[in-house]
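This report refers to the structure that appears directly beneath it.
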Amino acid sequence: MATKIPLVLFLILMTSCEENKTSAYWEKWNFERAQSLAKLFEGRTFENKNGEQLLYRLLKPLDYDPKKKYPLVVSLHHGGVHGNDNIAQLSSEPAPLLSNPINRVKYPAFLFVPQCPKGSQFGSFPNIPSVDTKIFEAISDLEKEFNIDTTRRYVAGISGGGFGSWHFICARPNMFAAAIPICGGGDPKLAKQIIDVPVWVFHGEKDTNVHVGFARDMIEAIKKEGGNPKYTEFAGAAHYIWDRVESTPGLIDWLFAQKRK
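Taking the working numbering, the leading residue of the sequence shown gets 969, the next gets one more, and so forth.
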């Protein structure tokens, strides 16, 4: 049975990525982490034809060569860093992993990290303003400016960003070559639209913020439609599973190996 997405869940995701990450220590740690990463990223603002703006950070490939094509990774943050400073979202996984020096050398790519304003979302929740369209339009603008491989667009996100990752591939199944939704959920009724989009889904068995049923429902629905999703469920784990996700063997290799037909 499909799992509904209640408004109360959106409010939880807006305020916390993990129960024990709300202390002053973690707030200071995340602030310093974001400030450090901001030195690598270019701060940008996209404005659509209606004058609506989207704040985002862009990391270009090392030694960018305009004659070469590069993949684009969209990194969607968790609910704890909504705002309009265009910095805080950099502390949220998976942006720090994808922007570390080793991965930048091994996987040259553009890293696009939008910031969702407070009271807004990346998608999935009804009656809540969404920034999804502005993000898609900003990506289109970037592809006019840079030599981006449109067969290798990827999206990954955690918690609220996990919901966003599911929403993005369901809304634009022909846009993304792969997705990594982490402790999020989507609409199982849309599974038929994404059977050809490679996904590697992660969730904690004992997640009390986003019930594991959200992930299980999506996996089951995709399989019923003939898809072949990858799913990793961490036994006994709660909402914060990033340390286990990033240490999963072959994860980043898998992501960058995907190519849209």
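Beta carbons: idealized from backbone N, C-alpha and C, even for Gly.
In this text the structure is predicted, and so the values were computed from the model without any measurement.
What does a CB cutoff of less than 7 Å around N1016 pick up in its chain, not counting 5 residues either side in sequence?
As a working mapping, residue 1016 is identified with position 48 in the sequence shown. Hits under 7 Å: K1102, E1105.
If you draw a straight line from the alpha carbon of G1153 to that of F1114, how long is it in whole angstroms?
As a working mapping, residue 1153 is identified with position 185 in the sequence shown. As a working mapping, residue 1114 is identified with position 146 in the sequence shown. Taking the straight line joining both Cα atoms gives about 32 Å.
Presumed contact (8 Å Cβ cut-off) between R1120 and P1039, rounded CB distance
Residue numbering aside, residue 1120 sits at position 152 when the sequence shown is read from its first letter. Residue numbering aside, residue 1039 sits at position 71 when the sequence shown is read from its first letter. Sure, about 4 Å apart at Cβ, within 8 Å.
From I1220 to G1019, what distance separates their C-alpha atoms?
Working through the sequence shown from its first residue, we reach residue 1220 at position 252. Working through the sequence shown from its first residue, we reach residue 1019 at position 51. Approximately 36 Å, taken between the alpha carbons.
Please report how far the alpha carbon of A1147 lies from the alpha carbon of E1061, in whole angstroms.
Walking along the sequence shown from the start, residue 1147 turns up at place 179. Walking along the sequence shown from the start, residue 1061 turns up at place 93. Spanning the two alpha carbons is a distance of roughly 14 Å.
Is it the case that the Cβ atoms of I1150 and G1195 are separated by a distance below 9 Å?
Counted from its first residue, the sequence shown places residue 1150 at position 182. Counted from its first residue, the sequence shown places residue 1195 at position 227. With contacts defined as CB atoms closer than 9 Å, I1150 and G1195 fail to qualify as a contacting pair.
Whole-angstrom C-beta distance between E1193 and K1160, which should lie under 8 Å:
In the sequence shown, residue 1160 corresponds to position 192, counting from 1. In the sequence shown, residue 1193 corresponds to position 225, counting from 1. Contact holds; Cβ gap of about 5 Å.
Coarse secondary structure for T1216, derived from DSSP in three states
Within the sequence shown, the letter at position 248 stands for residue 1216. Reduced to three states, the DSSP call for T1216 is coil.
Can you give the Cα-Cα distance for G1091 and A1006, rounded to whole angstroms?
Residue 1091 sits at position 123 when you count from the first residue of the sequence shown. Residue 1006 sits at position 38 when you count from the first residue of the sequence shown. If you take the alpha carbons of G1091 and A1006, they lie about 25 Å apart.
For E987, the three-state DSSP class (helix, strand or coil)
What you label residue 987 is simply residue 19 of the sequence shown in a count that begins at 1. Because the pLDDT at E987 is just 45, under 50, the model does not fix this residue reliably, and the value given afterwards should be weighed accordingly. Residue state, collapsed to three classes: helix.
So the alpha helix (DSSP H) E1113 belongs to, where does it begin and stop?
Sequence index remark: in the sequence shown, residue 1113 carries index 145 (1-based). First-last of the alpha helix (DSSP H) with E1113: 1100-1113.
Measuring only the C-alpha atoms, how far is T1176 from K1028?
Within the sequence shown, residue 1176 is the residue found at index 208, counting from 1. Within the sequence shown, residue 1028 is the residue found at index 60, counting from 1. Spanning the two alpha carbons is a distance of roughly 37 Å.
Tell me the start and end of each unbroken alpha helix (DSSP H) in the region 1119-1168 that is at least 4 residues and wholly inside, in chain order.
1128-1139
Answer yes if the region 1073-1093 comes into contact with the region 1199-1207, meaning at least three C-beta pairs across the two stretches below 8 Å, and no otherwise.
no
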